[in-house]
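Single-structure report; data block below.
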Amino acid sequence: MARFILGRLIGGIVILWLVSVLAFVLFFVVPKALGNNPAVLFAGRSPDPATIAGVTRKLGLDRSYVDQYWDFLRGVFVGRHFDSGSDRSWCPAPCLGYSFRNDQPVWSEIVDALPVTASLSIGAAVLFLVVGVSTGVISAVRRGGLFDRIAAAVSLAGVSLPVYFTGLLLLLLVSYKWHIIDNVHYVDFTHNPALWAWNLIPAWLVLSLLYTANYQRLTRASMIETLGEDYVRTARAKGLRERTVIGKHALRPALTPIVTIFGLDLGVLFGGAILTEHTFGFRGLGAISIDAVNTQDLPVTMGVTLFAAFFIILANVLVDVTYAFIDPRVRPS
Amino acid sequence: MKRRANLIRMGALAAAAGLVLAACGGSSGGGGSSGGSNGTSSGSSSSNGTSSAGASDALLHPSDKSGGTLRALNDSDCDYWDPARTYYANCWDQQRWISRQLVTYSPQPGTPKLTGDLATAVPTSSDLKTWTYTLKDGITFADGTPITSKDIKYAVERVFATDVINGGPTYLIDYLDDPSAPYPGPYKDTDPNKLGLKSVETPDDKTITFHLNKPFADWNFVMALPGVTPVPKAKDTGANYTFKPVSSGPYQIEKYTPNKIITFVRNPHWDPKTDTVNKALPDRIEVTMGLDLDDVDNRLLANSADFYVGQTGVQISAQNKILGDPSLRKDRTTNDVTGFIRYLSVMTQVKPFDNVHCRNAVAYALDKTAQQLARGGPVGGGAVATTMLTPPLKYYKSFDLFPTAGSKGDVAKAKQELTACGQPNGFSTTLASRSNGKEVAQAEAVQASLAKIGVKVTINKSAPSQYFSSTIGIPANVHKNGIGLAMAAWGPDWPTPYAMLSSIVDGRKILPAGNSNYAELNDPAVNSGLDDGIATTDEAKAQRIWTDTDKAVVKSAAYIPLVYDKALNLFSDRTTNIYFTSAYGMADFAQFGVVK
Amino acid sequence: MTAPPGEMMVESVAAPAVVQPEGRSLWRSGWIRLRRDKPAMISGVFLILLALIAIFAPVMVSLLGHPPNEPHYDLLDPNTAAPRGRFGGMSWHYLLGVEPVNGRDIFSRTVYGARVSLLVALLATATAVIIGTVLGMLAGYLGGLWDTIIARLMDLLLSVPSVLFAIAIVAVIPNKAFGLSGSGLRIGVLVFVIGIFAWPYIGRIVRGQVLSLREREFIEASRSLGAGTFTVMFRELLPNVAAPVLVYATLLIPTNILNEAALSYLGVGVRPPTASWGDSLAVASHGWYSIEPIFMLAPGLAIFATVLAFNLLGDGLRDAFDPRGGR
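Protein chains in written order, with our numbering: chain Z, 1 to 333; chain P, 1001 to 1596; chain W, 2001 to 2327.
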């Protein structure tokens, strides 16, 4: 077991390292090969060559790619200095680079944006998990009934609606037609929890609609399978109450695949729900990464990418390990 | 089981149909309500006029009452809070809260004059090369130490250290440096007091003299830029000074969290007796940053904040609301020509635009009202432009060298020019634009206009950050990619013709990288106009030179003026002393109050 | 690791059951089952119609609308740049009204938008299917180092934030590259970035299928008769993975439609003024939707209807050809 976990962990770290190499090549090597010098972008309007040289040195862009990559990697673990000769800025570990544009470590930008993304994802996750699983269970138990049919129809519609369309539609209704929330904007939880939740509701609804549909379908399928298992029949035969049968004997094993997918979804969401954030104007990880791409603030793009990949991979590893605990067959000999 | 699956999916189809119907129902309601507001706005069209160019002299809600907190909003943070490094007009305006310069703009609506700020008066110079300023008594930094001429010299020197202090304007280097022995900036200065710049003299603590390397009539305007804000050497932290600049103005920074919030409190050592400019009415100023622009508008509409720092005008939803509400429009908005110009750059080194007739054809073919619509119409967008100098600038004079009926373009004249150019059937070319917002719509309108004369345009859009620095700012790229046309925009660093034109039309400033004379215009009439204009002290002569230079630029058709930007800016119902100043192309932040 | 359904991912990829090796009867019985599935059939008919509309867009538009890139400034309120009249200026001449700012015919742009959407989605799906099938078969059949490398590659691609990478790639591609320029290049780039992040979904399914098929008698028989690796792969394995690949390809198309629209929505889609649904939504999202909902409804509902139809058809195909896969 320990070997399995170790193997999975190492596998995850290797993938994360590969992602970092891929991101480095994509964000640093390719643009330069195509003739874009990032230093020019950040040296101000009509810069003279000396200014460009200074910025180039500070950002370490005059060094070889291997050195630049090595500096980056080392910075993640022990922090690093950004030095232009006359000026030194310290970027503490975990140093995911230094934002050209905002003159601060990428990590502090991530820390700033994380509460927004976390609020959005956790809230939506609670919503889609609860609604998706409960409707899925009802659908499975009352298979073919009116509820099941309506739920199936709504699910199909749900997975077919892009968030940037439902988002605008909901904003139109909530802000401009019904004036329920006149100005949907992000409010910090510590500032006012009630307003925080109130303003996040539309985004939660939009984001969870997509996922609820998946969870409804998945739970339903999984429940139908377990409801047909022998031990459920045995439990029923023993005369246990239907609630106990469904809740205890059928639902619990049916939840295993749901938990798997849930872990992965949460990992993806933590990397930034780009489209939802963009549509609602929330400045989470997704929004800052889009800004960074548009302004060529490459270290930020790179940092957010790695941060997001870290969560996706972590979720994958955790899910694999959890799975191995629950179901011994997964473990390799 | 199978049948059921079918039923379920039939249900999905039905649900989909229901959703479509519901959405359509929603649309009819929306159409109804906004149809109404459209009606109102077209009703008010006559009062809006179409092109009331010129800076307005209106002053909204004058008041001298102090107290309260001024709450400002912004979408992004300033590039830098270090006065020598910032290059955003709205940041220069914000700098007035915490920084003072030798001279500054008088607090008056419209086109202000320069007035002494740290210096007792605005000097004149007979040779336009030697400029001497005398400091006032009693001026101090926020820590109470007196401001001396050496602090100003040190600030000027910092701008030379481009490896550390970069991002801001570099006029000081252009006019004060000795090309044979370039000054490296104070951090590499061998002088023990770090005051080794020879061209600036400080004979005593109250006097500072600048010896320019060439005559420059606009020097006093350079002295009003935030780059000459005094910096105490002991507290200069180089690149980190941006996080904690030492105040010389009426306020000082209380707390600064980049991209989130910056708050200002009163500077106890600021003596109003030494300051004739800053009203400094609010007790406290808060700038909340990193907001979505629709969020900004909504907060202003709800009066939960006072103004938008960016001052680029409200978004579409709010504009619709404002145009439908005459009292809101009248009491709480300004709608001025900012001084910023949107223009089309026609590349003189890219075939067939090396031929002036092909450029003329473009100038005649363009429908400028379509450009105006693409910018957002006469209220939110701007006024149709026919000159490169914009209305709020000194020496601006109206003329139109390519007149067309209703500014909608003249296909017949354009085709004549095409024939003269030897391209009677038109040709294909590439139009570069930024990928964001209104510029794509402008590019599409150019494309549609030129299609009428058989010129086939391919739009090549690139990321905003790359656009000026790389896509069109490197002539080799322009030639290689065959970019014949490019959308461009420019705002002057101070409200004079030289500031507007020198960077964008001077044939001797065509750089291999970081070029801003995008069309590579090298016209002797333009070049000598720039030299003569900036070296003359005679007002009437200057007026003549600048108008002739402007005409020469427009006549070259290398630069085709499209729209003078206008901004519809919204303020809270408690904001006082709202007026436009051409100094920054926006409201004068230093005068705001929040008590009526 | 399991494929994470991303923010735009439409289907969770359920493990498909092993298909019968008897290819022909499977196709026939599948078709019979599919014919009985009314929603799937209706969706199929809708999609054929949509494809015809896309192909014959110029004819459609010449009959019922105006050229999609033709501005109509006279239909706009000169003060607000919004269309005059109600419902975005809807009339018999402009069935869905006109766009703000330039007065282009929304009906025509929605019709032309179908071209970009379908073209990019289908080509990207084809790319994903080809790469996914070939690499999936190689991984499953050859095993060993091949399997490790291909499986890790799939893990890698599924671990990166694909939207972000896609935008970054599109942003750095110059306007002329790989012998292409103009709209051809943009469409090529979109197909590439969407396809490259989608193929692992197909690859995993094919790999799983091949792993279980590898040990079956007919493969062993073929191998013992001296068939080479490629013969076995393309003659014996390919026909047997074709059905699940078809099913999941159909379910991948709607995901790719949403991806294309998302990239256009974020401003890295086709070159202007080419009409695209995502781009129309982007225009609407700049506040115009609050003034006239039609700006958002026309492209939004077009995306919704198309994606729904593909999902219904895909579900139907899965039930018909992969009876134990869906329930």
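Glycine included, C-beta positions come from ideal geometry on N, C-alpha and C.
8 Å Cβ shell around residue i - same chain, five flanking residues per side excluded
| i | result |
| --- | --- |
| Z/Pro257 | Leu218, Ser222 |
| P/Leu1530 | Tyr1498, Leu1501, Ser1502, Val1505, Asp1506, Thr1549 |
Same chain only: Cβ atoms within 6 Å of residue i, ignoring 5 sequence neighbours per side
| i | result |
| --- | --- |
| P/Thr1496 | Asp1218, Lys1394 |
| Z/Phe307 | Ile110 |
| P/Asp1400 | Thr1386 |
| P/Val1595 | Lys1065, Gly1067, Gly1068 |
Under 7 Å from the C-beta of residue i: neighbouring residues of chain W
| i | result |
| --- | --- |
| P/Ser1247 | Per Cβ cutoff of 7 Å: no residues; P/Ser1247 is ~38 Å from chain W at best. |
| Z/His278 | Leu2266 |
7 Å Cβ cut-off: residues of chain P touching residue i
| i | result |
| --- | --- |
| W/His2286 | Ile1316 |
| Z/Asp103 | Thr1242 |
| Z/His185 | Asp1292, Asp1295 |
Three-way DSSP call (helix, strand, coil) for residue i in this model
| i | result |
| --- | --- |
| P/Leu1060 | strand |
| P/Ala1022 | For P/Ala1022, the pLDDT reaches just 39, beneath the cut-off of 50, and the residue's location in the model is therefore unreliable, although a value from the coordinates is still provided. Note: P/Ala1022 maps to helix in three-state DSSP. |
| Z/Trp90 | strand |
| P/Leu1521 | coil |
| P/Pro1391 | coil |
| P/Leu1431 | strand |
| W/Asn2256 | helix |
| W/Val2018 | Note that W/Val2018 has pLDDT 43, beneath the 50 cutoff, so the model's placement of it is unreliable and the number below is only indicative. Correct three-state label for W/Val2018: coil. |
| Z/Gln104 | strand |
| P/Ala1305 | coil |
| W/Gly1971 | Outside the displayed range of chain W (2001 to 2327) lies residue 1971 of chain W, so it cannot be described from this structure. |
| Z/Ile131 | Rather than Ile, the amino acid found at residue 131 of chain Z in this sequence is Val. Note: Z/Val131 maps to helix in three-state DSSP. |
| P/Ser1106 | coil |
| P/Thr1631 | Only positions 1001 to 1596 of chain P appear in this structure, which leaves residue 1631 of chain P out of reach. |
| P/Asn1425 | coil |
Within chain Z, the residues that residue i reaches when beta carbons sit closer than 7 Å
| i | result |
| --- | --- |
| W/Pro2293 | Leu172 |
| W/Val1944 | Absent from the model: residue 1944 of chain W. The displayed extent of chain W is 2001 to 2327, so no value can be given. |
| P/Arg1100 | Those do not exist, as P/Arg1100 stays about 23 Å from chain Z at its closest Cβ, beyond 7 Å. |
Contact list for residue i against chain W, beta-carbon separation under 9 Å
| i | result |
| --- | --- |
| Z/Ala125 | None at all; the shortest Cβ gap to chain W is about 12 Å. |
| P/Ile1459 | Arg2271, Pro2272, Pro2273 |
Within chain Z, the residues that residue i reaches when beta carbons sit closer than 9 Å
| i | result |
| --- | --- |
| W/Ala2335 | Nothing can be reported for residue 2335 of chain W, as the shown portion of chain W is limited to 2001 through 2327. |
| W/Tyr2289 | Leu168, Leu169, Leu171, Leu172, Tyr176 |
Any non-hydrogen atom of the ligand MN within 8 Å of residue i CB
| i | result |
| --- | --- |
| Z/Met223 | With respect to the ligand MN, the structure offers nothing, as it holds no ligand at all. |
Listed by chain order, chain W residues near residue i by CB distance under 8 Å
| i | result |
| --- | --- |
| P/Ala1463 | Ala2171 |
Closer than 8 Å at the beta carbon, the chain P residues around residue i
| i | result |
| --- | --- |
| Z/Leu284 | The identity of residue 284 of chain Z in the sequence shown is Gly, whereas the question assumes Leu. By Cβ distance, chain P contributes nothing, its closest Cβ being about 11 Å from Z/Gly284, past 8 Å. |
Interface flag, residue i vs chain C, CB-CB below 9 Å
| i | result |
| --- | --- |
| P/Ala1443 | Absent here is chain C; the protein component of the structure consists of chains Z, P and W. |
Contact set for residue i: own chain, Cβ-Cβ below 7 Å, skip 5 residues either direction
| i | result |
| --- | --- |
| Z/Ala151 | Thr135, Ser139, Gln216 |
Residues that residue i contacts on chain P, provided the C-beta gap is smaller than 9 Å
| i | result |
| --- | --- |
| Z/Ser89 | Ala1239, Asn1240 |
| Z/Asp182 | Asn1298, Leu1301, Ala1302 |
The segment 1325 to 1339 of chain P: which residues have C-beta closer than 9 Å to a C-beta of chain Z, in chain order?
none
Decide yes or no for the touch test of the segment 1077 to 1096 of chain P against the segment 1174 to 1190 of chain P: beta carbon pairs closer than 8 Å, at least 3 of them.
no
Can we say the segment 1183 to 1191 of chain P touches the segment 1160 to 1168 of chain P, given the rule of at least three CB pairs closer than 8 Å?
yes
Can you pull out the residues from the segment 1054 to 1078 of chain P whose beta carbon lies closer than 8 Å to at least one beta carbon of chain Z?
Asp1077
For the segment 310 to 325 of chain Z and the segment 248 to 264 of chain Z, state whether three or more C-beta atom pairs, one from each stretch, are separated by less than 8 Å.
yes
Are three or more beta carbon pairs between the segment 2249 to 2261 of chain W and the segment 2122 to 2142 of chain W nearer than 8 Å?
Two segments are said to touch when three or more pairs of C-beta atoms, one from each, lie closer than 8 Å; by this definition the segment 2249 to 2261 of chain W touches the segment 2122 to 2142 of chain W.
Give the residues from the segment 1368 to 1379 of chain P that approach chain W closer than 9 Å (Cβ to any Cβ), ordered along the chain.
Thr1369, Ala1370, Gln1372, Leu1373, Ala1374, Arg1375, Gly1376, Gly1377, Pro1378, Val1379
Taking three-plus beta-carbon pairs below 8 Å as touching, is the segment 2264 to 2283 of chain W in contact with the segment 1438 to 1445 of chain P?
yes
May I ask you to verify whether the segment 1384 to 1398 of chain P touches the segment 1425 to 1437 of chain P, counting CB pairs closer than 8 Å and requiring at least 3?
no
Is the segment 1355 to 1374 of chain P touching the segment 1445 to 1460 of chain P, taking contact as three or more C-beta pairs under 8 Å?
yes
On the three-pair Cβ rule with 8 Å, is the segment 121 to 130 of chain Z touching the segment 269 to 276 of chain Z?
yes
Contact list for the segment 94 to 118 of chain Z against chain W, Cβ threshold 7 Å:
none
Is there contact here, the segment 1404 to 1422 of chain P with the segment 1582 to 1590 of chain P, by at least three beta-carbon pairs under 8 Å?
Cβ pair count under 8 Å is below three, so no.
Mind checking the segment 2100 to 2112 of chain W against chain P and listing, in chain order, the residues whose C-beta falls within less than 7 Å of any C-beta there?
Val2101, Asn2102
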